[in-house]
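All remarks here apply to the structure that follows.
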Amino acid sequence: VVEQATQPGSGRWIQRAVAGGDAEVVGVVLREASQLARHKHGKDALIAVLERASKDHQRALVDVLRGEWLELSVDVHACRMVQRLMEVCDDEVCLPVVAELQGHLEDLLDHKY
């Protein structure tokens, strides 16, 4: 799953698996979230989870990446996933991420990503 998730166009495959309720795929994506977030194509697997998975899976993704959100916000690939999380998830899911970023907002506004 991880190898396939890092290939170009993997987002569509992951989207179908997530939308179809494939718990195994979602589980692997969540376990490997830190690695996938920083990958050019792997981040698309995480975006698929954010866009199509249940709120519980969204919360699980936020929890798995706890402590990494600041670093992910300024990563060339992961920053898109962080942006998408803020766009598609409700406040309850986003709150732990916002809490991690709080106090760093000026630095983040000045960062190129």
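Numbering of the sequence shown is given in our numbering, commencing with residue 599 and proceeding in unit increments.
Just so you know, even glycine gets a beta-carbon here, dropped at the ideal spot from N, CA and C.
In this text, all values refer to a predicted model and were calculated from it rather than measured experimentally.
* Asked: Considering only residues of the same chain and omitting the five flanking positions on each side of A651, which have a CB-CB separation below 7 angstroms?
  -> The residues are V616, V624.
* Asked: G701 to R614, Cα distance in whole Å?
  -> Cα to Cα, G701 sits roughly 38 angstroms from R614.
* State the DSSP-derived secondary structure class of L663, mapped to helix, strand or coil. => DSSP places L663 in coil when its eight states are reduced to three.
* Based on Cα-Cα distance, which residue from L707, R657, Q656, D689 lies nearest to C677? -> It is L707.
* Below 7 angstroms between beta carbons: does that hold for H655 and V647? -> Result yes, Cβ atoms of H655 and V647 sit closer than 7 angstroms.
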